[in-house]
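Engineer:
Number of protein chains: 2
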Amino acid sequence: MKDEEIAAMMRALGHPVRLNILRIMAQRQRDCCCADVTDCLPLAQSTVSQHIKVLVEAGLIERRPKGTRNCYVLITSKFAALESAFGKMTAALTELSARNRHQENKG
Amino acid sequence: MKDEEIAAMMRALGHPVRLNILRIMAQRQRDCCCADVTDCLPLAQSTVSQHIKVLVEAGLIERRPKGTRNCYVLITSKFAALESAFGKMTAALTELSARNRHQENKG
DNA sequence: TTCTTTCATCGTTAAACAACGATATAGGCG
DNA sequence: CGCCTATATCGTTGTTTAACGATGAAAGAA
Numbered sequence: 821m822k823d824e825e826i827a828a829m830m831r832a833l834g835h836p837v838r839l840n841i842l843r844i845m846a847q848r849q850r851d852c853c854c855a856d857v858t859d860c861l862p863l864a865q866s867t868v869s870q871h872i873k874v875l876v877e878a879g880l881i882e883r884r885p886k887g888t889r890n891c892y893v894l895i896t897s898k899f900a901a902l903e904s905a906f907g908k909m910t911a912a913l914t915e916l917s918a919r920n921r922h923q924e925n926k927g
Numbered sequence: 821m822k823d824e825e826i827a828a829m830m831r832a833l834g835h836p837v838r839l840n841i842l843r844i845m846a847q848r849q850r851d852c853c854c855a856d857v858t859d860c861l862p863l864a865q866s867t868v869s870q871h872i873k874v875l876v877e878a879g880l881i882e883r884r885p886k887g888t889r890n891c892y893v894l895i896t897s898k899f900a901a902l903e904s905a906f907g908k909m910t911a912a913l914t915e916l917s918a919r920n921r922h923q924e925n926k927g
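Protein sequences, first through last, are from chains A and B. Its first residue numbered 821, the first sequence is counted upward by one per residue in the working numbering. Its first residue numbered 821, the second sequence is counted upward by one per residue in the working numbering.
Here it is as structure tokens:
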């Protein structure tokens with residue numbers, strides 16, 4: 821996973837409303853459409869739709885047209901991939917950082 | 821860890837240059853100052869300093885004045901905390917999402 | 001066909017971000 | 001003290017984001 825892609829997903833997750841939207845979508849029994857999310861938030865429908873679009877474009881959720889509504893589902897594989905990539909990055913940073921501190925103590 | 825804090829860290833990580841800066845800081849042997857980072861990037865010093873500020877304010881790195889320079893070190897505990905929070909969130913989302921799909925298949 | 005519902009998109013506004021060059025401050029050196 | 005170095009901050013510019021109300025398109029009901 822390239823930095824650009826990781827950063828794009830992080831950016832999509834970098835807004836509390838969008839974290840909330842993801843939880844609402846996950847908690848919702850069965851289908852979850854835009855109106856369901858809007859009902860749970862003090863935001864205009866257009867604003868919610870815009871946030872949803874950001875999540876779709878980041879590849880974190882999927883749109884499924886269903887009659888007159890659009891249902892959204894999480895793409896769990898993408899969350900897993902991001903978690904893995906982030907974990908690897910954190911491990912690398914932490915390891916290098918620790919090694920440097922070790923040398924610092926010696927010098 | 822609250823959504824607002826998670827989102828703030830995610831936002832700070834949501835730019836490829838900042839991911840790069842973190843790697844540069846971690847890879848660097850011993851101290852890492854602003855000039856060291858700037859040397860590795862095709863960006864103005866002021867721009868790099870600004871990115872560093874974002875990382876400091878997100879609580880991901882720490883500034884340590886050292887003579888005429890400022891050294892920066894990763895706060896590994898914050899990375900661990902974020903990784904943990906993100907992992908929990910992902911697990912919750914995935915679990916709920918899977919349960920809903922299960923019920924969907926039944927209904 | 002006509003009305004209703006759902007929702008994405010448009011247009012707007014204000015705020016935040018990203019990049020730059022220029023400036024200012026603070027620590028060391030002569 | 002005066003000079004140099006490192007770097008944070010200022011001011012500017014152009015871009016992106018976040019929020020809203022209004023509009024428009026598509027599916028279904030009357």
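Virtual Cβ for every residue (Gly too), placed ideally from N, Cα, C.
For Met909 of chain B, I'd like the list of residues in its chain whose CB is within less than 6 Å of its CB, leaving aside the five on either flank, ordered along the chain.
Structural biologist: Within the second sequence, the letter at position 89 stands for residue 909 of chain B. Nothing listed; no residue qualifies.
Engineer: Identify, in the order they occur along the chain, each residue of the same chain with its Cβ nearer than 6 Å to the Cβ of Arg884 of chain A, setting aside the five sequence neighbours on each side.
Structural biologist: Start at 1 with the first residue of the first sequence, and residue 884 of chain A comes out as number 64. Closer than 6 Å at the Cβ level, and outside the excluded window around Arg884 of chain A, lie Cys891.
Engineer: Using a Cβ-Cβ cutoff of 7 Å, what residues of the stretch 873 to 887 of chain B are near chain A? List them in chain order.
Structural biologist: Here the close residues number zero.
Engineer: Whole angstroms is fine: what's the gap from Glu824 of chain B's alpha carbon to Pro836 of chain A's?
Structural biologist: Within the second sequence, the letter at position 4 stands for residue 824 of chain B. Within the first sequence, the letter at position 16 stands for residue 836 of chain A. If you take the alpha carbons of Glu824 of chain B and Pro836 of chain A, they lie about 5 Å apart.
Engineer: Count the other CB atoms within 10 Å of the CB of Thr888 of chain A; is the residue buried (16 or more) or exposed (fewer)?
Structural biologist: By 1-based counting over the first sequence, the position of residue 888 of chain A is 68. Thr888 of chain A should be labelled exposed.
Engineer: Going by beta carbon distance, what residues of the same chain come within less than 7 Å of Ile895 of chain B, once the five residues before and after it are set aside?
Structural biologist: Taking the second sequence and counting its residues from 1, one reaches residue 895 of chain B at position 75. Closer than 7 Å at Cβ, skipping near neighbours: Gly879, Leu880, Ile881, Glu882.
Engineer: Using only CA atoms, which one of B:Val868, B:Cys852, B:Asp851 lies nearest to Thr858 of chain B?
Structural biologist: Looking up residue 858 of chain B in the second sequence gives position 38. Comparing Cα-Cα distances from Thr858 of chain B to each of B:Val868, B:Cys852, B:Asp851, the minimum goes to B:Val868.
Engineer: Are the stretch 837 to 851 of chain A and the stretch 913 to 922 of chain A touching by the rule of at least three beta carbon pairs closer than 8 Å?
Structural biologist: No, the stretch 837 to 851 of chain A does not touch the stretch 913 to 922 of chain A.
Engineer: Kindly indicate if chain B contains any beta-carbon less than 8 Å away from that of Pro836 of chain A.
Structural biologist: If you number the first sequence from 1, residue 836 of chain A lands on position 16. Judged by the 8 Å Cβ criterion, Pro836 of chain A is in contact with chain B.
Engineer: By a C-beta neighbour count over all protein chains shown, 10 Å radius and 16 as the cutoff for buried, is Gly927 of chain A buried or exposed?
Structural biologist: On the first sequence, residue 927 of chain A is found 107 positions in, with the first residue counted as 1. The predicted model places Gly927 of chain A with a pLDDT of 33, which falls under 50 and marks its position as unreliable; any figure quoted below should be read in that light. Answer is exposed; the Cβ neighbour count stays below 16.
Engineer: In terms of DSSP beta bridges, what is Asn890 of chain A paired with?
Structural biologist: On the first sequence, position 70 is the one that residue 890 of chain A refers to. Asn890 of chain A is bridged to A:Pro885.
Engineer: Terminal residues of the continuous alpha helix (DSSP H) containing Pro836 of chain B?
Structural biologist: For the purposes of this step, residue 836 of chain B is taken as residue 16 along the second sequence, with counting starting at 1. From DSSP, the alpha helix (DSSP H) with Pro836 of chain B extends over 836 to 847.
Engineer: I'd like the list of long-range same chain contacts for Asn925 of chain B, defined as Cβ closer than 6 Å, with 5 residues on each side in sequence excluded.
Structural biologist: Mapped onto the second sequence, residue 925 of chain B falls at position 105. Unreliable positioning characterises Asn925 of chain B in this predicted model, as indicated by a pLDDT of 46, which lies under 50. The coordinate reading is nonetheless provided below. Around Asn925 of chain B: no qualifying Cβ.
Engineer: Which term fits Met821 of chain A, buried or exposed, when burial requires 16 or more other beta carbons within 10 angstroms of its beta carbon?
Structural biologist: As a position in the first sequence, residue 821 of chain A is number 1, starting the count at 1. Exposed: under 16 other Cβ atoms inside 10 Å.
Engineer: Along chain B, in chain order, which residues have C-beta atoms closer than 8 Å to that of Met821 of chain A?
Structural biologist: For the purposes of this step, residue 821 of chain A is taken as residue 1 along the first sequence, with counting starting at 1. Ordered by position in chain B, no residue passes the 8 Å Cβ test against Met821 of chain A, which lies about 11 Å from the chain.
Engineer: Per DSSP, Cys854 of chain A is paired with what?
Structural biologist: Here residue 854 of chain A refers to the residue found at position 34 of the first sequence. According to DSSP, which records beta bridges pairwise, Cys854 of chain A is partnered with nothing at all.
Engineer: For the alpha helix (DSSP H) that contains Met830 of chain B, what are its first and last residues?
Structural biologist: Numbered from 1 along the second sequence, position 10 holds the residue referred to as residue 830 of chain B. 823 to 832 is the span of the alpha helix (DSSP H), which, as asked, contains Met830 of chain B.
Engineer: Taking only the alpha-carbon atoms, compute the straight-line gap between Arg952 of chain B and Leu863 of chain B and give it to the nearest angstrom.
Structural biologist: Nothing about residue 952 of chain B can be reported from this structure: the residues present for chain B run from 821 to 927 only.
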